[in-house]
Amino acid sequence: MRGSDYAELKAFAAVVERSSFARAAEHLGVSPSALSQTIRQLEARLGARLLNRTTRSVAPTAAGEQLHARIAPLFRAMADAMAEVSAAAGQMSGTLRINTLGMAARQIIAPRLGRFHRAFPDVTLDIVVDDGLSDIVAGRFDAGIRVGGRLEKDMIAVRLTPDVKMVAVASPDYLARRGPPQSPADLHHHACINWRLQTDGRAYQWAFEKRGRRIEVAVSGPLVTNHSDIGVAAALQGLGIAYAFDRERVDEYLAQGQLVQVLADWSITRPGLFVYYPNRHHQPAILGAFIDCLLDRDLARSGP
40 MRGSDYAELK
50 AFAAVVERSS
60 FARAAEHLGV
70 SPSALSQTIR
80 QLEARLGARL
90 LNRTTRSVAP
100 TAAGEQLHAR
110 IAPLFRAMAD
120 AMAEVSAAAG
130 QMSGTLRINT
140 LGMAARQIIA
150 PRLGRFHRAF
160 PDVTLDIVVD
170 DGLSDIVAGR
180 FDAGIRVGGR
190 LEKDMIAVRL
200 TPDVKMVAVA
210 SPDYLARRGP
220 PQSPADLHHH
230 ACINWRLQTD
240 GRAYQWAFEK
250 RGRRIEVAVS
260 GPLVTNHSDI
270 GVAAALQGLG
280 IAYAFDRERV
290 DEYLAQGQLV
300 QVLADWSITR
310 PGLFVYYPNR
320 HHQPAILGAF
330 IDCLLDRDLA
340 RSGP
């Protein structure tokens, strides 16, 4: 393969994986016009249109999808091989792309960024916060972080956090006005703050369980959101009852008395957070080091 062939294919893969000429050009360090010219050269050489372009989006044609499906694993294998050689030589370099829930980015990744950078200054972290459950293989991510029950198939998963008990909460002011619900069925007579699932746009049905009896309740109220922080803020301001998975901030408000838990004996337990990655023969060394950092195993090795 000529060097120009490799450059054209790499440029094409970058456009497909980022669905944007501008983002791909920024990643490759070239101008959008130069990148567009490279793609035109590749299409002319192959005699096939590879990308459908509009003023707002870019997507592969059938021929483009076929080509990308063949070359993407090769690029990943080359990147892994180079990372393994660097690791064997005592060096870590390159880019690590992580697709993560906002909750995990805030609670797990952000507090450890400095420590990881000091240990591996030549590694660039590309962290994409995405609560929509994107396909990490199609997006050419090295790994993703998700709730355990929503992992993609055929992945290797490593637990990051314990399972979490969900908690229904409301402000003291709201409960003084409306009274606390005594059972999940009472929620039909309460204002509830619901969230919309980003996977399919449906509103979440609140699940409860007690003594082996599991029920789901379709709730309604003044607010539906796809972001937990908005839901908790609404509960704090007395708009209604919220059902929270992200316990970090909720527990603080409970301890301060700003929120009160209701239906505690009905709360269900949800799987915790996992980091997951494609089932390859060799885990990239950079990814292994990043997972060790997230689990604080690097601290155990380095000592006090």
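Going by the numbering used here, the sequence shown opens with residue 40, and the numbers climb by one from there. Quick reminder that beta carbons are idealized off the backbone N, C-alpha and C, glycines included.
Does the distance from the C-beta atom of residue i to that of residue j stay below 8 Å?
i      : j      : result
Thr163 : Thr139 : no
Phe313 : Arg185 : yes
Val97  : Val167 : no
Thr308 : Val203 : yes
Ala274 : Ser210 : yes
Ala294 : Pro261 : no
Leu199 : Gly311 : yes
Pro220 : Val289 : no
Leu253 : Ala246 : Leu is not the amino acid found at residue 253; the sequence shown has Arg there. Yes, the pair counts as a contact, with Cβ atoms nearer than the cut-off.
Asn91  : Ile195 : no
Ala224 : Asn233 : no
Val258 : Leu278 : no
Glu56  : Gly171 : no
Phe155 : Lys49  : no
Ala61  : Pro71  : yes
Ala111 : Ala52  : yes
Arg217 : Leu333 : no
Ala158 : Asp337 : yes
Val206 : Arg286 : yes
Apply the 10 Å Cβ neighbour rule to residue i and answer buried if 16 or more other Cβ atoms are within range, or exposed otherwise.
i      : result
Met131 : buried
Glu104 : exposed
Tyr169 : A quick correction: the sequence has Asp, not Tyr, at residue 169. Under this definition Asp169 is a buried residue.
Ser306 : buried
Gly270 : buried
Leu106 : buried
Pro323 : buried
Ser267 : buried
Met117 : exposed
Tyr316 : buried
Tyr282 : buried
Ala143 : buried
Tyr45  : exposed
How many whole angstroms separate the CB atoms of residue i and residue j, which I take to be in contact at a CB cut-off of 8 Å?
i      : j      : result
Arg235 : Val263 : 5 Å
Thr100 : Arg88  : 5 Å
Ile137 : Ala182 : 6 Å
Val197 : Ile330 : 6 Å
Leu81  : Glu47  : 4 Å
Lys249 : Asp304 : 6 Å
I'd like to confirm the pairing. Which residues does DSSP put opposite residue i in its beta bridges?
i      : result
Trp245 : Val256
Arg235 : Ala242
Lys204 : Thr308
Val299 : Ala209
CB of residue i to nearest heavy atom of the ligand GDP: below 7 Å?
i      : result
Pro223 : Absence of the ligand GDP is noted for the structure shown, with no ligands found whatsoever.
On the DSSP letters alone, give me the boundaries of the beta strand (DSSP E) that residue i sits inside.
i      : result
Phe313 : 312-317
Asn331 : With the sequence shown as reference, residue 331 is identified as Asp, and Asn is not the correct amino acid for it. Premise fails: Asp331 lies in the alpha helix (DSSP H), 324-333, not in any beta strand (DSSP E).
Pro99  : 97-99
Ala303 : Per DSSP, Ala303 belongs to no beta strand (DSSP E) and is neither H nor E.
Asp165 : 162-168
Ile195 : 194-198
Gly183 : 182-186
Val263 : 262-264
For the alpha helix (DSSP H) containing residue i, list its first residue and its last residue.
i      : result
Leu135 : Premise fails: Leu135 lies in the beta strand (DSSP E), 133-139, not in any alpha helix (DSSP H).
Thr77  : 71-85
Arg92  : Run containing Arg92: none in the alpha helix (DSSP H); it sits in the beta strand (DSSP E), 90-92.
Ile280 : From DSSP, Ile280 is part of no alpha helix (DSSP H) but of the beta strand (DSSP E) over 280-283.
Arg230 : Looking at the sequence shown, residue 230 is not Arg but Ala. Unbroken run through Ala230: none, as it is neither H nor E.
Leu67  : 60-67
Val271 : 267-275
Val289 : 286-295
Gly153 : 152-158
Ala215 : 211-217
Between residue i and chain D, is any beta-carbon pair separated by less than 8 Å?
i      : result
Leu338 : Among the protein chains of the structure shown there is no chain D, as only one such chain exists.
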